[in-house]
Ligand code: GDP
């Protein structure tokens, strides 16, 4: 696997972090290419349990270079806090193992404010934003109203640029939302506290990546969120504001000429979804509570209880397709061990018609799940490491999914720890 992307196939929280953590063993470089600190990867290894928001998951492996690419929403405040937090647990983070693209745009404190103010204004029509400023950030980036990370190296020119943007942003904050304006002193403090500390990490990461590629190094591209949250291909407008698809990895990482050799799609053995938006097959009541508890389905960033449901094969097939996945990692199979019969959503019924096609986003509200039940295995599988040792019913469940989505399931994860994995 020379160049490989690890991506989410569904709504996110599929367990990508643990897969990247596992696979970094065979990669020299790990690159984050989109999104910001709005989601969290949970990684459990010998150094502890970590909720990573911005740092690439390769940060725990000695000798792995971690890159935050130009497509990332680079929030210096979140990043610096996260670096300090992870460092406190004995993980070494230096300019040797972490580089930030000089071409990434800076997520400003006002983006977080604007995000919160807009959600407040929307009240019961809100999108379920994590209020990390991601939507205002990407809007501003496309309006060319952001500062590039590389500009931090020239404080004088930066000041001028920031004051221009501040004047513009204050119009929205005060005029539209009636909020307090930003001042030069606030920006000065922000620069000193959070930007100065990250200066040593800034680099021309495009050049670094291209040199490493020429040297034959293995590069892993790490996505945040899943296919159904992709801005262009997901359940718009309940998507994130960036492209979560593997196809964006070359653009967002700094290697636009890149051709991916492998795309590992991560699928959870059941469905979860955080926040608002259509979620066909959603479980409610006691059935949902049981699954949520069994899988400990609470947001890594927000602590919000996740909505849960049976594995959605319609959404998963679509996700596999748009991600162009070449292999699947199926995670959290152990969580289903308590079920006597396991529900799986095989089709949708939309306006009376049964379909296996993922519908146009607005038609999702009319979609109802068509459920099939598969036999459960009712025993603890978390200690199993070999495919042949899994109970027959568990293997049948995996093969049923594999057949339905048309992509080989190469990894089956049966626990959150690094070694709780079955390779097929
Ligand atoms: P990500 O954003 O896709 O990395 O997903 P999250 O980190 O938000 O959610 C995955 C959660 O499931 C984390 O708490 C992981 O430690 C946990 N996890 C991952 N794989 C497994 C597994 O196979 N079994 C169990 N029980 N937990 C897992």
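Numbering (the working numbering), first residue to last: 305 to 728.
Don't be surprised by glycine CBs; every beta carbon is placed ideally from N, CA and C.
Between residue 452 and the set 629, 377 and 686, the nearest pair of CA atoms involves 377. Taking all protein chains in view, the Cβ of residue 703 is surrounded by fewer than 16 other Cβ atoms within 10 Å, so the residue is classified as exposed.
Taking a cut-off of 8 angstroms for Cβ pairs, the region 419-427 and the region 321-334 do not touch, as fewer than three such pairs fall below it. Within the region 512-584, the complete alpha helix (DSSP H) runs of at least 4 residues fall at 553-557. Collapsing the DSSP output to three states places residue 645 in a strand. Of all C-beta pairs linking the region 517-533 to the region 389-398, fewer than three are shorter than 8 angstroms, placing the two stretches out of contact. Rounded to whole angstroms, the separation of the alpha carbons of residue 716 and residue 365 is 22 angstroms. For residue 670, the shortest C-beta to heavy atom distance toward the ligand GDP is 8 angstroms or greater. DSSP places residue 333 in the uninterrupted beta strand (DSSP E) bounded by 333-336. Taking residue 321 as reference, the option from 351, 359 and 619 with the minimal CA-CA separation is 359. Remark: the shortest separation between the CB of residue 343 and any heavy atom of the ligand GDP falls under 8 angstroms. Per the DSSP secondary-structure output, residue 727 pairs in a beta bridge with 715.
The beta carbon of residue 728 is closer than 6 angstroms to those of 691 and 714 in its chain, skipping five residues each way along the sequence. Going by C-alpha positions, residue 434 is about 12 angstroms away from residue 543. Here the distance from the Cβ of residue 525 to the nearest heavy atom of the ligand GDP is not below 8 angstroms. Per DSSP, residue 435 lies in no beta strand (DSSP E) and is assigned neither H nor E. As a beta-bridge residue in DSSP terms, residue 609 pairs with 602. Using a C-beta cut-off of 8 angstroms, the region 476-495 makes no contact with the region 539-555, since fewer than three inter-stretch Cβ pairs fall below that distance. Setting aside the 5 residues that flank it on each side, residue 479 has no residue in the same chain whose C-beta is closer than 6 angstroms to its C-beta.
Taking 8 angstroms as the cut-off, one finds at least one heavy atom of the ligand GDP near enough to the beta carbon of residue 637. Closest option to residue 682, judged by alpha-carbon separation, among 642, 709, 662 and 671: 642.
Judged by DSSP in its simplified three-state form, residue 314 adopts coil rather than helix or strand. Checking the DSSP bridge columns, you'll see residue 403 partnered with 371.
In the DSSP annotation of this structure, residue 657 is not part of any alpha helix (DSSP H); the continuous beta strand (DSSP E) holding it starts and ends at 657-659. Residue 376 has 339 as its beta-bridge partners, per DSSP.
In this structure, residue 688 has its beta carbon at no less than 8 angstroms from each heavy atom of the ligand GDP.
In this model, residue 710 and residue 660 are separated by some 13 angstroms (Cα to Cα). In the structure shown, residue 451 adopts coil according to DSSP, grouped into three states.
By alpha-carbon distance to residue 579, the top candidate from 622, 589, 552 and 607 is 607.
DSSP places residue 307 within a strand segment (E or B) once states are collapsed to three. A Cβ-Cβ distance of about 6 angstroms is found for the pair residue 483 and residue 421, placing them in contact under the 8 angstroms criterion. For residue 679, the enclosing beta strand (DSSP E) stretches over residues 671-679. Taken through DSSP and simplified to helix, strand or coil, residue 689 comes out as coil. Residue pairing for residue 352: DSSP places it in a beta bridge opposite 349. For residue 721, the beta-bridge partners assigned by DSSP are 348.
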